[in-house]
Amino acid sequence: MKKLILLVAAVFTVSFAQAQGGIKLGLKAGANLASFSGEDADDAKNKFGFHVGGFLDYGISEMVSIRPEVLYSMKGAKYKEDGDEGSFNLNYIDVPVLVRINADQLFFEFGPTLSFLVKSEAEMGDFKVDMGDAMKKTDFGYAAGLGYNFTEKVGLGLRYNGGLSNIFEDEDNGKLRNSVFMLSLAYTIK
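Heads up, the final residue of the sequence shown is numbered 192 in this note's numbering, and it's a clean run with no missing numbers.
Rendered as structure tokens:
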């Protein structure tokens, strides 16, 4: 009986989503302005990167949709130590699941983000060190942003992604969280 109720609820939910706003598929890319926050972030400076990926947009109503995304995203920070400049280069696969509120051409979005580390290195001059063993492989955080849809297919968004957990496996290495502003251009395919 429980399985039947769940099946009916799932069919009803999918039918409702398709009737209200449908399912849209799209691509997005843009620039990241990344740094760190947290106890040991005093010397962290902004670092530019990029992000690229895709999204699904499930219309729940005329004004509200659920928008899961998958993005390749460059994060990290620059720093200065003993007069030498260096950087932490952290590349993630970000999977935010956002609630999106549409008000005419403006939109607002918020929700949780789960990120999977794919590359991590510390760099100072010509010297590079793989930081893989010292870093957590996942990062949990939140996202909040706003934007403007120029047409039904093209939009521009500004979002803040904040990490909630330390990026290091061992807190003796430091207490840092990811902090990223993202400027994105999105194109809806379908």
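From the three backbone atoms N, C-alpha and C, an ideal C-beta is built for every residue, glycine too. Here the structure is a predicted model, which is why all the values come from computation and not from measurement.
State buried or exposed for E111, treating a residue as buried only when at least 16 other CB atoms are found within 10 Å of its CB.
It is buried - the Cβ of E111 has at least 16 other Cβ atoms within 10 Å.
Hey, out of N34, G88 and A46, whose CA is closest to G176's CA?
Closest by alpha carbon: A46.
What is the DSSP secondary structure of D173, counted as helix, strand or coil?
Reading off the sequence shown, one finds Glu at residue 173, where the question assumed Asp. Three-state DSSP puts E173 in a helix.
Tell me the DSSP secondary structure of G134 in three-state form.
Helix, per DSSP.
Can you check whether the C-beta of F183 is within less than 7 Å of a C-beta belonging to chain B?
Checking the listed chains, one finds no chain B in this structure; it contains a single protein chain.
Going straight from the alpha carbon of E126 to that of G51, what length do you get?
For the sequence presented, residue 126 should be read as Met rather than Glu. Each residue's Cα considered, the two are about 17 Å apart.
Mapping DSSP to helix, strand and coil, what is L166?
L166 falls in the coil class under three-state DSSP.
Note the first and the last residue of the continuous beta strand (DSSP E) segment covering D45.
Taken as a continuous stretch (DSSP letters only), D45 belongs to no beta strand (DSSP E), as it is neither H nor E.
I'd like to know whether the C-beta atoms of L166 and F142 end up nearer to each other than 7 Å.
Taking 7 Å as the Cβ cut-off, L166 and F142 qualify as a contacting pair.
Identify every residue that forms a DSSP beta bridge with K121.
N93, per the DSSP bridge assignment.
Got a sec, what are the start and stop residues for the beta strand (DSSP E) S63 sits in?
Note, S63: premise wrong, no beta strand (DSSP E); not H, not E.
Would you mind sorting A146 into buried or exposed? The rule is 16 or more other CB atoms within 10 Å of its CB.
Its Cβ having fewer than 16 others within 10 Å, A146 is exposed.
Using beta-carbon positions only, say whether M1 and N48 come within less than 7 Å of one another.
Given that the chain is displayed from residue 3 to residue 192, the structure contains no residue 1 and the question cannot be resolved.
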